[in-house]
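Chemist:
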């Protein structure tokens, strides 16, 4: 695929291979710790990969913020692949002598904010977007902020305050990507909180431009964001599956925070290998 103005060229086939590699890496790490948020990382994998490898400009002008702090494994493996984090950093994940924890910590390589206290990330992204616009002296040259949110944290009042403030201030350099896997830690959102939907109409009422796509279709994600009008903040609603890629994890609440045992690990690797073939 050719590049859209302001973005990198993007190869969907390469993205699919990277995301399979990232899932395998997370599974490998899971065998050294008692628990990690694999299912939540798998659901936002394509959204995160598309930001880093397609949407964000290579000159470092743009910023990525993982508001969905428990999805940080997706960000960690991408940062390792890009050489920002060393392999030893991920091998030492959640150990006393390591630097990486179960949520991102500001100050670690490639991490722009400490997140995981859900409902704070988008507000920080709003502040970053304001700062970038002020620094550039106007919206046209401002660095873009790409912020991945969980749909659970979109239930937080502070998130809606940030949505309202972003459109009020005309932050056209702010792109939110919602990992809409329709699950909270213990249940399906459409059952427990049906008034959460329709999400796109709520966001548009708050002054945002939106698009809804399959969040595991990296090409659709890229095209939707790249084609935005750019006169308002933009939100990509990615319809995703929690635990995507491993059948026994998909949409099963217990995998919100659990590591597979050795037999489950082998089965997961076999399924990913089958997908790759």
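Numbering (the numbering used here), first residue to last: 382 to 658.
Here a beta-carbon is modelled for each residue, glycine too, at the ideal position from N, C-alpha and C.
Going by CA-CA distance only, name the one from 454, 627 and 486 that's closest to residue 498.
Modeler: Working through the chain shown from its first residue, we reach residue 498 at position 117. Out of 454, 627 and 486, 486 has the C-alpha closest to the C-alpha of residue 498.
Chemist: Please state the DSSP three-state secondary structure of residue 476.
Modeler: Against the chain shown, residue 476 aligns to sequence position 95. Here residue 476 sits in coil by DSSP.
Chemist: Take the Cβ of residue 534 as the centre, count every other Cβ of all protein chains shown within 10 Å, and call the residue buried at 16 or more, exposed below.
Modeler: Counting from 1 along the chain shown, the entry for residue 534 is found at position 153. Classification of residue 534: buried, given that the 10 Å Cβ count is 16 or more.
Chemist: Please go through the same chain and pick out, in chain order, the residues whose beta-carbon is closer than 7 Å to the beta-carbon of residue 578, but skip the five residues on each side of it.
Modeler: For the purposes of this step, residue 578 is taken as the residue at position 197 of the chain shown. 571.
Chemist: Quick one: measure Cβ to Cβ for residue 494 and residue 446, integer angstroms, because I've assumed they're closer than 8 Å.
Modeler: Position 113 of the chain shown, counting from 1, holds the residue named residue 494. Position 65 of the chain shown, counting from 1, holds the residue named residue 446. Confirmed, about 5 Å.
Chemist: Report the start-end ranges of each beta strand (DSSP E) in the stretch 412-470 that is 3 residues or longer and not cut off at the edges.
Modeler: With a minimum length of 3 residues, the continuous beta strand (DSSP E) runs that stay inside the stretch 412-470 are 444-447.
Chemist: In three-state terms, what does DSSP make of residue 622?
Modeler: For the purposes of this step, residue 622 is taken as the residue at position 241 of the chain shown. In this structure, residue 622 counts as coil in the three-state DSSP scheme.
Chemist: Would you please state the rounded distance, in angstroms, between the beta carbons of residue 624 and residue 558? I believe it to be under 8 Å.
Modeler: Working through the chain shown from its first residue, we reach residue 624 at position 243. Working through the chain shown from its first residue, we reach residue 558 at position 177. Actually they are not in contact, since the Cβ atoms of residue 624 and residue 558 sit about 19 Å apart, beyond 8 Å.
Chemist: Taking Cβ positions, are residue 437 and residue 430 nearer each other than 8 Å?
Modeler: For the purposes of this step, residue 437 is taken as the residue at position 56 of the chain shown. For the purposes of this step, residue 430 is taken as the residue at position 49 of the chain shown. No, they are not a contact pair.
Chemist: Comparing alpha-carbon positions, which option in 555, 504 and 488 lies nearest residue 540?
Modeler: Counting from 1 along the chain shown, the entry for residue 540 is found at position 159. Closest option to residue 540, Cα to Cα, is 504.
Chemist: As a quick exercise: from 400, 395 and 392, pick the residue whose alpha carbon is nearest that of residue 653.
Modeler: In the chain shown, the residue the question calls residue 653 occupies position 272. Considering only alpha carbons, the answer is 400.
Chemist: Among residues of its own chain, excluding the 5 on either side of residue 605, which ones have a beta-carbon nearer than 6 Å to its beta-carbon?
Modeler: Counting from 1 along the chain shown, the entry for residue 605 is found at position 224. Counting only Cβ-Cβ distances below 6 Å, and skipping sequence neighbours, we find 592, 594 and 617.
Chemist: Roughly how many whole angstroms lie between the Cα atoms of residue 420 and residue 586?
Modeler: Position 39 of the chain shown, counting from 1, holds the residue named residue 420. Position 205 of the chain shown, counting from 1, holds the residue named residue 586. When rounded, the distance between both Cα atoms is 31 Å.
Chemist: Run the CB neighbour count on residue 459, radius 10 Å, all protein chains shown included, and call it buried at 16 or more, exposed below.
Modeler: On the chain shown, residue 459 is found 78 positions in, with the first residue counted as 1. Per the 10 Å Cβ criterion, buried.
Chemist: If you measure between the beta carbons of residue 450 and residue 466, is that distance less than 8 Å?
Modeler: Here residue 450 corresponds to residue number 69 of the chain shown, with the count starting at 1. Here residue 466 corresponds to residue number 85 of the chain shown, with the count starting at 1. Their beta carbons are not under 8 Å apart, which means residue 450 does not touch residue 466 by this criterion.
Chemist: For the alpha helix (DSSP H) that contains residue 571, what are its first and last residues?
Modeler: Taking the chain shown and counting its residues from 1, one reaches residue 571 at position 190. Run containing residue 571: 570-573, per the alpha helix (DSSP H) assignment.
Chemist: Roughly how many angstroms separate the alpha carbons of residue 658 and residue 538, rounded to a whole number?
Modeler: The residue given as residue 658 occupies position 277 in the chain shown. The residue given as residue 538 occupies position 157 in the chain shown. Their backbone Cα atoms lie some 44 Å apart in a straight line.
Chemist: Quick one: residues in its chain with C-beta nearer than 8 Å to the C-beta of residue 326, no 5 flanking neighbours on either side, listed in chain order?
Modeler: In this structure the chain extends from 382 to 658, so residue 326 is not present and cannot be described.
Chemist: Cβ atoms of residue 646 and residue 416: under 8 Å apart, would you say?
Modeler: On the chain shown, position 35 is the one that residue 416 refers to. On the chain shown, position 265 is the one that residue 646 refers to. No, Cβ-Cβ distance for residue 416 and residue 646 is not below 8 Å.
Chemist: Is it true that the CB of residue 603 sits closer than 8 Å to the CB of residue 391?
Modeler: Taking the first residue of the chain shown as 1, we reach residue 391 at position 10. Taking the first residue of the chain shown as 1, we reach residue 603 at position 222. Yes, Cβ-Cβ distance for residue 391 and residue 603 is below 8 Å.
Chemist: Measure the C-alpha to C-alpha separation of residue 576 and residue 469 and round it to an integer number of angstroms.
Modeler: As a first step, residue 576 is located in the chain shown; it is residue number 195 there, counting from the start. As a first step, residue 469 is located in the chain shown; it is residue number 88 there, counting from the start. Roughly 44 Å separates the two Cα atoms.
Chemist: Measure from the alpha carbon of residue 428 to the alpha carbon of each residue in 636, 643, 632 and 600, then state which is nearest.
Modeler: Your numbering for residue 428 matches position 47 in the chain shown. The option with the nearest alpha carbon to residue 428 is 600.
Chemist: With burial defined as no fewer than 16 other Cβ atoms inside 10 Å of the residue's Cβ, what is the status of residue 628: buried or exposed?
Modeler: As a position in the chain shown, residue 628 is number 247, starting the count at 1. Flag for residue 628 reads exposed.
Chemist: Mark residue 563 as exposed unless 16 or more other C-beta atoms lie within 10 angstroms of its C-beta, in which case mark it buried.
Modeler: As a working mapping, residue 563 is identified with position 182 in the chain shown. Buried, by the Cβ-count rule.
Chemist: State the Cα-Cα distance for the pair residue 510 and residue 596, rounded to the nearest angstrom.
Modeler: Your numbering for residue 510 matches position 129 in the chain shown. Your numbering for residue 596 matches position 215 in the chain shown. C-alpha separation (whole angstroms): 24 Å.
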